[in-house]
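Notes follow the structure.
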Amino acid sequence: MSDKEPMWDSLPPEILTHVFQQLPIKSIVTCTSVSKKWKSLIQNPSFISTHLHHHSSSNNHLLLFRLCPNEDTICEKHEREVYTLYWEEDFNEHTRFDSPFPAQSGSVILRVVGTCNGLVCLARDLLSYDSSYILWNPCVRKFTRTSKPIVSYCTHGGFEETTGFGFDSKTNDYKVVRVVRLLDREDEDGSSLKVEVYSLATDEWRMVTTGLPSGCVVRGREPLAFVNGALHWIAFRRTTTNNFQSFVMVFDLGDEVIREIALPEFLNGFDGDQYWVRMSISVYKNSLALFHQQDFSSPCLNIWVMKEYVDESSWAKIVTMVDDQGFREFVPRALGFRRSGEVIIEMHDGELISLHFESHKYKVLGITGYGYIFDHSINGNGYTFFDSYVESLVLLDIPNRAVTY
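Numbering-wise, the sequence shown is residues 8 to 412 according to our numbering.
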């Protein structure tokens, strides 16, 4: 050891790596200020990946919620939003994060696109065609804004869009995907559909030009599912003058190819305006779940699961919840599944419950969401957001682009 070299810098990298992996996230971030050697090791993509794998394999499971912080305040008018981590086992609060993104003039709220490996993807796309996206790691208090997308009102005119976010394990890259339908084009050859992909590694958008389906619509701002390396949205195409066929559009982040998964036959052949807008997709274990809110004639919530991924014959309806309070517009809203297989449901008054679909027993979580907002401009069906979450160091490896707050 050199006379000028601190003792902690003389430790072998493998020992430091082992020690750092056992530390809480905040302590690891603090360690980056101890020495240049420690900072270089912690910011190394290899260490960040190893740390993520270590924490993903642990039994300390967390759930991330976006909740209304003050029930007396209208969420749309909050200057800053609040996100909270809860332990999945007992729903005790783990950490509360104040969003670093103040509301801008003319904007309602940031839409949560999804989470992946500790990153939260946020979109500002609710009230204008000037869409922008943020990748935020609240645990390390860093975020980065994506470059401007290719498709805009100036370049293509009016459009509808939906967005997805996930991790491409083939290239070790995080990607944001925009599926855009141009409103001023007839779709006979697929030309009205545009797909562009953002890479965090390169900070660039590029167009996907092959294999685009024709005649389909993917409605924006509905919840999506990222599972098995692919993004999943509910889409539909017109089959006759008055009928629509719904299906799951799948975008594989590795080969960037679009494919389709059929939905249960029961859900096809209806008037799309009556039922499709109340359908959303979710992750169920390593497969998919479908949340279908029945139309106003017989209001209820139906939950389907695909027991074997991509096996279209394995769709099974597991839950039907009927609103017994007579408020047809307040059908319970499913938010997503826990690792245990229980589904978290938001009741009309904002109360969150965890439902075991086999026994039909439920537990009141003591957590309150915003309640049902019958306004599809706000995150599809409502304000409250929930997803599984793993703490990570992602974004520490791009110090020149990530903003610290």
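Heads up, the beta-carbon is just placed ideally off N, CA and C, and yes, glycines get one too.
Residue i in three-state terms, based on DSSP
| i | result |
| --- | --- |
| residue 355 | coil |
| residue 397 | coil |
| residue 408 | coil |
| residue 369 | strand |
| residue 226 | coil |
| residue 18 | coil |
| residue 128 | strand |
| residue 385 | The pLDDT assigned to residue 385 is 45, lower than 50, so where the model puts this residue is not dependable, and the model offers no usable value. |
| residue 88 | coil |
| residue 146 | coil |
| residue 98 | coil |
| residue 375 | strand |
| residue 160 | helix |
| residue 36 | helix |
| residue 172 | strand |
| residue 57 | helix |
| residue 155 | coil |
| residue 44 | helix |
| residue 63 | helix |
| residue 254 | strand |
| residue 338 | coil |
| residue 103 | strand |
| residue 215 | strand |
| residue 24 | helix |
| residue 321 | helix |
| residue 283 | Here residue 283 scores only 45 on pLDDT, less than 50, and its place in the model should not be relied on; the value that follows carries that caveat. Of the three classes helix, strand and coil, the one that applies to residue 283 here is helix, per DSSP. |
Beta carbon proximity, residue i to chain C, threshold 8 Å
| i | result |
| --- | --- |
| residue 327 | Here chain C cannot be found, since the structure has a single protein chain. |
Whether residue i touches residue j by CB criterion (8 Å)
| i | j | result |
| --- | --- | --- |
| residue 168 | residue 147 | no |
| residue 39 | residue 33 | no |
| residue 398 | residue 125 | yes |
| residue 133 | residue 118 | yes |
| residue 149 | residue 410 | yes |
| residue 121 | residue 72 | no |
| residue 288 | residue 326 | no |
| residue 345 | residue 95 | yes |
| residue 89 | residue 74 | yes |
| residue 97 | residue 408 | no |
| residue 349 | residue 391 | no |
Closest by C-alpha distance to residue i, when choosing among the options
| i | options | result |
| --- | --- | --- |
| residue 185 | 107, 70, 257 | 257 |
| residue 101 | 91, 52, 62 | 91 |
| residue 67 | 157, 99, 155, 139 | 99 |
| residue 272 | 326, 321, 162 | 321 |
| residue 291 | 62, 226, 31, 394 | 394 |
| residue 58 | 403, 412, 407 | 403 |
| residue 355 | 408, 308, 164 | 308 |
| residue 417 | 301, 213, 141 | Past the edges of the chain, shown from 8 to 412, lies residue 417, and the structure says nothing about it. |
| residue 189 | 163, 93, 231, 209 | 163 |
| residue 131 | 109, 144, 199 | 109 |
| residue 376 | 392, 370, 357 | 357 |
| residue 183 | 216, 161, 218, 233 | 233 |
| residue 21 | 129, 127, 142, 54 | 54 |
| residue 216 | 204, 226, 210 | 204 |
| residue 405 | 142, 62, 105, 128 | 142 |
| residue 177 | 165, 191, 206 | 206 |
| residue 218 | 266, 199, 229 | 266 |
| residue 191 | 202, 201, 166 | 166 |
Sequence-distant residues of its chain with Cβ nearer than 8 Å to residue i (five each side left out)
| i | result |
| --- | --- |
| residue 56 | 179 |
| residue 412 | 107, 148, 149, 150 |
| residue 15 | 41, 42, 45 |
| residue 299 | 274, 282, 285, 286, 308, 309, 310, 311 |
| residue 51 | 404 |
Cβ-based neighbour list, residue i, same chain, cut-off 6 Å, excluding 5 preceding and 5 following
| i | result |
| --- | --- |
| residue 384 | In this predicted model, residue 384 has a pLDDT of only 40, less than 50, meaning its place in the structure is not dependable enough to derive any value. |
| residue 208 | 180 |
| residue 315 | 321 |
| residue 175 | 182, 260, 261 |
| residue 104 | 90, 145 |
Cutoff 7 Å; reference residue i; Cβ partners in own chain excluding five residues on either side
| i | result |
| --- | --- |
| residue 275 | 252, 253 |
| residue 1 | Beyond the ends of the chain as shown, which are 8 and 412, falls residue 1; an answer cannot be given. |
| residue 231 | 121, 171, 238, 239, 240, 288 |
| residue 413 | Here the chain has residues from 8 to 412 only, and residue 413 is not among them. |
| residue 61 | 28 |
beta-carbon residue i near the ligand NAP non-hydrogen atom, thresh 7 Å
| i | result |
| --- | --- |
| residue 42 | As presented, the structure is devoid of all ligands, the ligand NAP included, so that no description of it is given. |
Exercise. Is it a yes or a no for the segment 42–57 touching the segment 354–374, going by three-plus beta-carbon pairs under 8 Å?
Worked result: Too few Cβ pairs lie closer than 8 Å, so no.
Exercise. Below 8 Å, can you find three or more Cβ-Cβ pairs linking the segment 133–142 to the segment 213–226?
Worked result: With contact defined as three or more Cβ pairs closer than 8 Å, the segment 133–142 and the segment 213–226 are not in contact.
For this session: Assess, as a yes-or-no matter, whether the segment 228–241 is touched by the segment 252–267 under the definition of 3 or more beta carbon pairs within less than 8 Å.
Result: The segment 252–267 and the segment 228–241 touch, with no fewer than 3 CB-CB distances between them shorter than 8 Å.
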